[in-house]
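The numbering used here applies: residue 1 is where the sequence shown begins, and numbers increase by one.
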Amino acid sequence: MSNRAHGTAGRYTEDDCRCDECTDANTERVYASKQKRAGRVPAVHNASTYRNWGCDCDKCIQANRDLLARQQAAAGRGVNSRKEWTDKELELVLRRKDSRRYEHTALEVALKLGRSVAAVNAKRSRGRVIKPATLAAPRRN
Ligand SMILES: [Zn+2]
Ligand SMILES: [Zn+2]
1 MSNRAHGTAG RYTEDDCRCD ECTDANTERV YASKQKRAGR VPAVHNASTY
51 RNWGCDCDKC IQANRDLLAR QQAAAGRGVN SRKEWTDKEL ELVLRRKDSR
101 RYEHTALEVA LKLGRSVAAV NAKRSRGRVI KPATLAAPRR N
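Listed below in structure tokens is the structure:
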């Protein structure tokens, strides 16, 4: 049995899956590698650009991370999900780089703590509520 998810070129080429999702993924991969050889740059930057083109711009890296986070959350991983959160864990979840960004992505924290991304995000949205007003970033727009 293969562990590859449907919708990946690897599943198409190595596991000979010909479902629509895998066929599409393979078509996209073949197209991307042709374009790449021709020296063309990708028109869109998203998770498949990252995977198929090897583009490592910020946008692609972030999109790929988001995709992984969604997949992980969908898979419902979180071995410690029933355990109470410790202060140390919460501190890691809520630690900020600055007023707008967290020190770690939800996925990084989730993997580190063995919890689901959804659980981390839930703690963050709660943390935002109790955050002192003085720390809130001013909103412009
Ligand atoms: Zn498939
Ligand atoms: Zn890119």
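Just so it is clear, CB atoms sit at the ideal spot from N, CA and C, and this is done for glycine as well. Predicted model, so just to flag it, every value in this text is computed and none were measured.
The nearest non-hydrogen atom of ligand 2 is 7 Å or more from the C-beta of K112. Contact check for A32 and T8: beta-carbon distance about 13 Å, past the 8 Å limit, so the pair fails to qualify.
The segment 38-50 and the segment 9-23 do not touch, with fewer than 3 CB-CB distances between them shorter than 8 Å. Under the three-state reduction of DSSP output, R124 falls in the helix class. Note that the C-beta distance between R115 and E103 is not below 8 Å. In the DSSP annotation of this structure, the continuous segment of the alpha helix (DSSP H) that includes T13 starts and ends at A9 to D15. Of all residues, those with a beta-carbon under 6 Å from at least one heavy atom of ligand 2 are H45, T49, C55, C57, K59 and C60, reported in chain order. DSSP, read as helix, strand or coil, puts R96 in strand. Rounded to the nearest whole angstrom, the C-alpha separation of S99 and R11 is 42 Å. Judged by DSSP secondary structure, T27 falls within the alpha helix (DSSP H) whose first and last residues are D20 to R37. Within its own chain, the residues whose Cβ lies closer than 6 Å to the Cβ of A47, once the five positions on either side in sequence are excluded, are A63, N64 and L67, listed in chain order. In the DSSP secondary-structure assignment, Y102 is bridged to R96. From the listed residues E84, K59 and A69, the smallest Cα separation to L107 is found for A69.
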